[in-house]
Amino acid sequence: MLEGLKVLSRIWLTFISVGLVALFIASIALGYHLYFEVPMNMEPLIVDYSTGQPVLRAVESPHPYTPGWTDRLVLRVPYAKLRFENITLEGGDMLVVEQVDTAEKWTYILNGTGVLTSTFYSGPDGTIKLVIRIVDDGDGKVAWGVKARTYLTDIWALKARPYLFIIVYPVALPAVPAWGLAAFMQAFFTAMIMACWIQNGGFVRTALRCWKRPFLKALRNPLFAMPFVATALLVSEIGLTILMEALGVGAGLKVELPGPLSVLFEASYAVIAEEIGFRLIMIGLPLAVAASAKAGGREGRLAAFLKGLFCPGSLDPGLRRELRGLMAFLILVSSLVFGLTHVLFGGWEAGKAVTATLAGLVAGICFTVYGFHASVLLHWFFNYQWMIWYVAYELTGQCVLEPELVLFCELAVGALSLLVFLVQGLRLAVRRMREREERKIIEELPPTWWER
Numbered sequence: 008m009l010e011g012l013k014v015l016s017r018i019w020l021t022f023i024s025v026g027l028v029a030l031f032i033a034s035i036a037l038g039y040h041l042y043f044e045v046p047m048n049m050e051p052l053i054v055d056y057s058t059g060q061p062v063l064r065a066v067e068s069p070h071p072y073t074p075g076w077t078d079r080l081v082l083r084v085p086y087a088k089l090r091f092e093n094i095t096l097e098g099g100d101m102l103v104v105e106q107v108d109t110a111e112k113w114t115y116i117l118n119g120t121g122v123l124t125s126t127f128y129s130g131p132d133g134t135i136k137l138v139i140r141i142v143d144d145g146d147g148k149v150a151w152g153v154k155a156r157t158y159l160t161d162i163w164a165l166k167a168r169p170y171l172f173i174i175v176y177p178v179a180l181p182a183v184p185a186w187g188l189a190a191f192m193q194a195f196f197t198a199m200i201m202a203c204w205i206q207n208g209g210f211v212r213t214a215l216r217c218w219k220r221p222f223l224k225a226l227r228n229p230l231f232a233m234p235f236v237a238t239a240l241l242v243s244e245i246g247l248t249i250l251m252e253a254l255g256v257g258a259g260l261k262v263e264l265p266g267p268l269s270v271l272f273e274a275s276y277a278v279i280a281e282e283i284g285f286r287l288i289m290i291g292l293p294l295a296v297a298a299s300a301k302a303g304g305r306e307g308r309l310a311a312f313l314k315g316l317f318c319p320g321s322l323d324p325g326l327r328r329e330l331r332g333l334m335a336f337l338i339l340v341s342s343l344v345f346g347l348t349h350v351l352f353g354g355w356e357a358g359k360a361v362t363a364t365l366a367g368l369v370a371g372i373c374f375t376v377y378g379f380h381a382s383v384l385l386h387w388f389f390n391y392q393w394m395i396w397y398v399a400y401e402l403t404g405q406c407v408l409e410p411e412l413v414l415f416c417e418l419a420v421g422a423l424s425l426l427v428f429l430v431q432g433l434r435l436a437v438r439r440m441r442e443r444e445e446r447k448i449i450e451e452l453p454p455t456w457w458e459r
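At the far end of the sequence shown sits residue 459, using the working numbering, and the numbering has no gaps.
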């Protein structure tokens with residue numbers, strides 16, 4: 008009876024892992040679609056070139072506006088639409104957006120939110136020069152006014168400036184076409200999934216054999232384990248956030264965000280930059296140097312260096328035992344720095360330091376157990392995988408999958424995962440306690456005649 012329940016539970020856990028991995032793969036495909044097939048989908052924050060130098064700012068009237076209010080804006084893109092978050096005009100007044108070079112004009116006399124202008128195209132100098140004004144009907148009466156802080160264009164028209172974290176210092180790289188960076192990121196994350204897929208026996212083999220093996224052995228494959236680890240961390244972070252907010256400590260963003268796909272784009276790249284800075288450099292590089300120094304005859308120094316840098320879990324078991332203390336220290340330090348960096352430089356409220364530190368701890372453990380590809384995949388889950396279903400709905404108005412249903416399922420799996428990890432942890436603790444007691448009993452036995 009008990010054995011049958013174990014088999015049934017393992018089958019259910021396998022079904023859950025396979026289902027969420029399928030969701031991971033579907034989210035990668037959906038990202039390709041949103042980036043490259045949905046037109047006019049990118050919403051960057053307005054960067055004004057009116058003075059010749061780029062300035063990040065909103066186009067915003069006084070509240071209430073003054074009669075005849077006017078603003079000027081220069082966008083350095085081939086084509087764009089302005090998005091007005093709010094337009095509140097006094098009856099009879101009119102909002103006018105006019106292009107200087109072509110006299111192309113867009114007018115609006117109603118009130119609304121999320122209002123898009125018509126498409127403006129760049130002039131001979133490669134810029135869109137706009138004059139935005141509110142035309143008064145002559146009665147002198149005014150209302151709240153207008154505000155626009157983003158514009159719409161295509162990823163094909165944008166440039167992106169990637170960066171790398173050298174510890175906590177972001178180093179800017181040369182600007183590249185945004186579509187090229189998006190394609191690289193999607194291919195990179197696909198490669199990380201495949202690396203997790205083939206590790207430690209492979210995902211398919213692990214899933215097929217899970218029903219007849221202890222669950223902890225199945226977790227040796229990082230892709231099989233990732234749905235449980237990621238969703239358990241998600242539930243833990245949400246629980247911590249609720250607790251901190253109840254205590255009056257905020258953990259939300261303090262800065263304004265651009266449109267949904269721009270946020271996804273930036274958050275996805277942050278995975279790569281932060282994993283290089285906080286896991287590969289802060290944990291992997293010191294481990295690689297220490298492993299190379301201690302390698303000796305157990306394995307080559309170059310092999311030990313590369314394993315320590317990218318996949319510490321593959322080091323010689325004896326060498327790993329020698330480096331265990333250093334690993335724990337590096338995971339702790341990198342996690343604390345990771346949490347503090349989000350608050351000091353990332354625009355988050357103070358409570359984010361706690362949740363980001365927890366995420367850093369789990370990512371650091373994944374890095375030392377499975378490798379760089381696993382910590383990237385865990386980070387990608389938070390910055391891309393569960394977010395993309397909301398982004399798809401925002402951009403297309405259609406539900407590929409109901410975002411709330413996806414989140415509910417992942418939270419349910421996370422709660423189950425926490426319970427499973429608790430049970431497995433208790434079983435492991437009990438087993439080790441028994442082993443220690445057995446060793447103690449053996450040590451206390453009187454010596455046999457041949458030992459005297």
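Quick reminder that beta carbons are idealized off the backbone N, C-alpha and C, glycines included.
If you compare alpha carbons, which of the options is closest to residue i?
| i | options | result |
| --- | --- | --- |
| K166 | L402, L230, P51 and E306 | P51 |
| L230 | A297, M201 and L250 | M201 |
| R327 | S299, G354 and L351 | S299 |
| K24 | T238, Q431, F272 and S243 | First, the amino acid is wrong: residue 24 is Ser here, not Lys. Selected option, being the one with the closest Cα: T238. |
| A357 | K261, P265 and I139 | K261 |
| P137 | R83, E401 and P71 | Before going further, note that residue 137 is Leu rather than Pro in the sequence given. The shortest C-alpha separation from L137 is found at R83. |
| F31 | L89, F196, S382 and I173 | F196 |
| V45 | T213, G303 and W186 | W186 |
| S275 | M394, A310 and V183 | M394 |
| M334 | I372, V361 and L347 | I372 |
| G75 | V103, V62 and V66 | V103 |
| M199 | G99, F379, V420 and R227 | F379 |
| V376 | E411, L365, A399 and R331 | R331 |
| L226 | L20, L423 and A399 | L20 |
| C203 | L188, A190, E417 and N228 | N228 |
Given this structure, state the Cα-to-Cα distance separating residue i from residue j, to the nearest angstrom.
| i | j | result |
| --- | --- | --- |
| I245 | A253 | 12 Å |
| G284 | E92 | 36 Å |
| S57 | V81 | 5 Å |
| A150 | I94 | 10 Å |
| D78 | P69 | 11 Å |
| V437 | V427 | 15 Å |
| E329 | K301 | 9 Å |
| V340 | G367 | 10 Å |
| L27 | F210 | 13 Å |
| Q60 | V296 | 44 Å |
| K314 | L159 | 45 Å |
| Y72 | L117 | 16 Å |
| N48 | G354 | 25 Å |
| A360 | L247 | 11 Å |
| L89 | S125 | 8 Å |
| L347 | V14 | 44 Å |
| T403 | L271 | 15 Å |
| I205 | L365 | 28 Å |
| Y397 | I135 | 31 Å |
| A65 | A258 | 25 Å |
Decide if residue i is buried, meaning its Cβ has at least 16 other Cβ atoms within 10 Å, or exposed.
| i | result |
| --- | --- |
| E97 | buried |
| M233 | buried |
| H40 | exposed |
| D132 | exposed |
| L240 | buried |
| Q405 | exposed |
| Y128 | exposed |
| S269 | buried |
| A194 | exposed |
| I448 | exposed |
| V383 | buried |
| F345 | buried |
| E444 | exposed |
| S16 | exposed |
Residue i by DSSP, collapsed to three states: which one?
| i | result |
| --- | --- |
| T73 | coil |
| L117 | coil |
| W456 | With a pLDDT of only 49 at W456, under the threshold of 50, the placement of this residue in the model should not be trusted, and no figure is reported. |
| P229 | helix |
| G320 | helix |
| T58 | coil |
| M199 | helix |
| F172 | strand |
| T134 | coil |
| M101 | strand |
| Q106 | strand |
| P293 | helix |
| R140 | strand |
| W4 | Residue numbering for the chain in the displayed model covers 8 to 459; residue 4 lies beyond these limits and cannot be assessed. |
| I472 | The shown model of the chain, from 8 to 459, leaves out residue 472, and the question about it has no answer. |
Counting pairs of beta carbons, one from the stretch 212-219 and one from the stretch 384-393, are three or more of them closer than 8 Å? no
Determine contact between the stretch 317-325 and the stretch 142-160, defined as no fewer than three beta-carbon pairs at a distance below 8 Å. no
Between the stretch 171-190 and the stretch 279-293, do three or more beta carbon pairs fall short of 8 Å? yes
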